[in-house]
């Protein structure tokens with residue numbers, strides 16, 4: 090059975106919480122998963138939104154900020170409300186896309202999320218991305234060069250198209266076969282679904 | 090400490106699931122809660138929506154129907170997709186509002202939800218509401234007369250205003266002091282919050 094796909098967006102608060110939890114949660118159950126970076130912007134635009142729904146609908150937004158603060162405390166994650174929201178995540182997503190299957194990818198993902206949601210840093214700034222790559226032993230400039238190649242840009246575009254075609258409308262979304270599980274709240278349900286459908290523990294994990 | 094307020098809307102799918110679970114979940118923890126019927130329509134209109142967001146945003150809607158089907162199976166609840174969605178819930182909400190604190194209220198709530206989401210019946214039809222009241226030993230016509238009095242109509246309007254003033258933007262929402270917990274997914278978190286904040290088990294439950 091194909092691994093669970095974990096679709097995430099670096100600008101998304103609930104993706105932050107889910108991304109920092111999923112390795113432990115999936116690991117403890119022995120369920121394999123795949124990081125799937127994508128961009129919510131094009132998907133929001135297809136639904137008629139030119140901004141995050143948390144900004145367009147203030148009551149929803151106020152709730153989200155308080156909820157995220159509570160959830161971070163519950164899960165022991167650092168949190169500082171970003172001064173810019175949502176931050177432009179295109180460069181970070183391109184780097185994550187270019188890092189598919191590489192050992193440094195999980196560390197990069199964690200670094201970007203912490204920069205955005207724990208340290209209020211501008212993840213659209215190439216210098217910040219380069220620094221994060223440096224802290225995990227990568228040659229930042231070289232990785233960024235690869236990530237911003239025409240081929241890799243196109244790859245991220247296609248991934249975002251795939252997300253839309255799968256029925257994804259928000260992030261994070263866990264995909265198990267044809268089933269979608271939207272939200273940090275539904276990660277356990279996604280992993281349960283995987284196990285129930287015969288995706289046993291993965292011996293390599 | 091004031092009981093947990095469970096704000097629900099009879100037309101809402103996730104309210105259905107939550108309403109049919111909350112007595113058992115809160116009861117097993119000894120946490121007292123209060124049924125708070127309200128109308129989402131006026132709250133959606135304040136956010137610029139003239140219909141359910143599940144209809145306005147088809148990808149979100151497709152996901153919701155599948156998700157609700159899965160959740161009903163998980164929780165052992167019957168489910169049949171209603172042929173009309175969202176159904177007009179004004180009369181049912183007025184009756185629930187008039188039934189505040191009465192012994193028949195939980196049975197009425199269950200009856201309306203099952204009519205809408207298990208039997209695909211039209212809960213806006215007074216005959217259906219009267220029948221539901223009859224099955225729980227009430228004189229339907231008399232209850233409906235009280236429920237549709239000017240005073241009770243005004244009461245439901247005020248409750249919906251209160252919901253908006255509390256920051257409620259969707260249903261179900263559990264309110265614990267100043268904290269909101271949106272969704273069927275967050276009932277456990279709401280009850281945990283109540284217990285952690287010193288709202289111990291209620292001796293009467």
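Chains as they are written, first to last, in this note's numbering: chain E, 90 to 294; chain P, 90 to 294. Glycine included, each C-beta is placed from N, C-alpha and C at the ideal position. Being a predicted model, the structure only gives us computed values, none of them experimental.
Handout entry: alpha helix (DSSP H) segment containing residue 258(P), residue limits
Key = Note, residue 258(P): premise wrong, no alpha helix (DSSP H); not H, not E.
Problem - First and last residue of the uninterrupted alpha helix (DSSP H) at residue 93(E) - result: Careful: residue 93(E) lies outside any alpha helix (DSSP H), inside the beta strand (DSSP E) at 93-97.
Problem - Proximal residues to residue 157(E) (C-beta, below 6 Å), its chain only, five neighbours per side dropped - result: 102
Exercise for the section: Using alpha carbons as the reference points, say which of 177(P), 171(P), 121(P) lies closest to residue 263(P). Expected result: 121(P)
Problem - Pair within 7 Å by beta-carbon distance, residue 211(P) and residue 217(P) - result: yes
Handout entry: In chain order, each alpha helix (DSSP H) run of at least 4 residues that lies wholly inside the region 104-149 of chain P
Key = 130-135, 142-145
Exercise for the section: Residues of the region 115-144 of chain E with a CB closer than 7 Å to any CB of chain P: list them in chain order, please. Expected result: 136
Practice task
Decide if residue 46(P) is buried, meaning its Cβ has at least 16 other Cβ atoms within 10 Å, or exposed.
Solution key: In the structure as shown, chain P starts at 90 and stops at 294, and residue 46(P) therefore has no counterpart that could be examined.
Exercise for the section: Within the same chain, show all residues whose beta-carbon is closer than 7 Å to that of residue 149(P), passing over the 5 residues directly before and after it, in chain order. Expected result: 142, 143
Practice task
Check the Cβ-Cβ distances between residue 269(P) and every residue of chain E, and say whether any is below 7 Å.
Solution key: yes
Exercise for the section: Please list, in chain order, all residues of the same chain as residue 268(P) whose beta carbon is under 8 Å from its beta carbon, the five residues on each side excluded. Expected result: 279, 282
Practice task
Please classify residue 292(E): is it buried, with 16 or more other beta-carbons within 10 angstroms of its beta-carbon, or exposed?
Solution key: The predicted position of residue 292(E) is uncertain, since its pLDDT is 46 and thus under 50; no value can be drawn from it.
Practice task
Find the nearest neighbour of residue 202(E) within the set 187(E), 191(E), 178(E), 193(E), judged by alpha-carbon distance.
Solution key: 178(E)
Practice task
Would you mind working out which of 181(E), 224(E), 171(E), 272(E) sits nearest residue 237(E), comparing C-alpha positions?
Solution key: 181(E)
Exercise for the section: Determine the closest residue to residue 274(E) out of 174(E), 255(E), 163(E), with distance taken between C-alpha atoms. Expected result: 163(E)
Handout entry: As assigned by DSSP and simplified to three states, the class of residue 271(P)
Key = strand
Exercise for the section: Taking only the alpha-carbon atoms, compute the straight-line gap between residue 254(P) and residue 204(P) and give it to the nearest angstrom. Expected result: 30 Å
Problem - Burial state of residue 100(E), where buried means 16 or more other Cβ atoms lie within 10 Å - result: buried
Handout entry: Proximity of residue 145(P) and residue 138(P) at Cβ, strictly below 7 Å
Key = yes
Handout entry: residue 135(P), buried or exposed, once every other Cβ within 10 Å from all chains shown has been counted against 16
Key = exposed
Problem - Separation of residue 117(P) from residue 294(P), as counted between CA atoms - result: For residue 294(P), the predicted model reports a pLDDT of 37, less than 50, meaning its position is unreliable and no value from the coordinates is stated.
Problem - Distance cut-off 6 Å: residue 145(E) Cβ against heavy atoms of the ligand FAD - result: Among the components of this structure there are no ligands whatsoever, and the ligand FAD is therefore not found.
Exercise for the section: Under 8 Å Cβ to Cβ from residue 226(E), same chain only, skipping five residues before and after it: list those, please. Expected result: 193
Exercise for the section: List the whole-angstrom C-beta distance separating residue 186(P) from residue 245(P), where the pair is believed to meet the contact cut-off of C-beta under 8 Å. Expected result: 5 Å
Problem - residue 178(P) in three-state terms, based on DSSP - result: coil
Practice task
Could you tell me how far apart the beta carbons of residue 115(P) and residue 93(P) are, in whole angstroms, since I believe they sit closer than 8 Å?
Solution key: 7 Å
Exercise for the section: Could you tell me which uninterrupted alpha helix (DSSP H) segments, each at least 4 residues in length, are contained entirely in the region 143-229 of chain P, listed from first to last along the chain? Expected result: 147-164, 179-187, 194-206, 215-224
Exercise for the section: Assuming residue 260(P) and residue 97(P) form a contact by the criterion Cβ under 8 Å, report the distance between their Cβ atoms to the nearest whole angstrom. Expected result: 6 Å
Exercise for the section: Report yes if the CB atom of residue 200(E) is closer than 7 Å to the CB atom of residue 221(E), and no otherwise. Expected result: yes
Handout entry: Short-range partners of chain P found in the region 247-274 of chain E, where Cβ spacing is below 7 Å
Key = 256, 258, 269, 271, 274
Exercise for the section: Determine the extent of the alpha helix (DSSP H) in which residue 279(P) is found, giving its start and end residues. Expected result: 276-285
Practice task
Give a yes or no on whether 7 Å exceeds the smallest Cβ distance from residue 146(P) to chain E.
Solution key: yes
Handout entry: Cβ pair residue 168(E), residue 206(E) closer than 7 Å
Key = yes
Problem - Exposure of residue 172(E), with buried meaning 16 or more beta-carbon neighbours within 10 Å - result: exposed
Problem - Within 7 Å, strictly: CB atoms of residue 296(P) and residue 249(P) - result: Past the edges of chain P, shown from 90 to 294, lies residue 296(P), and the structure says nothing about it.
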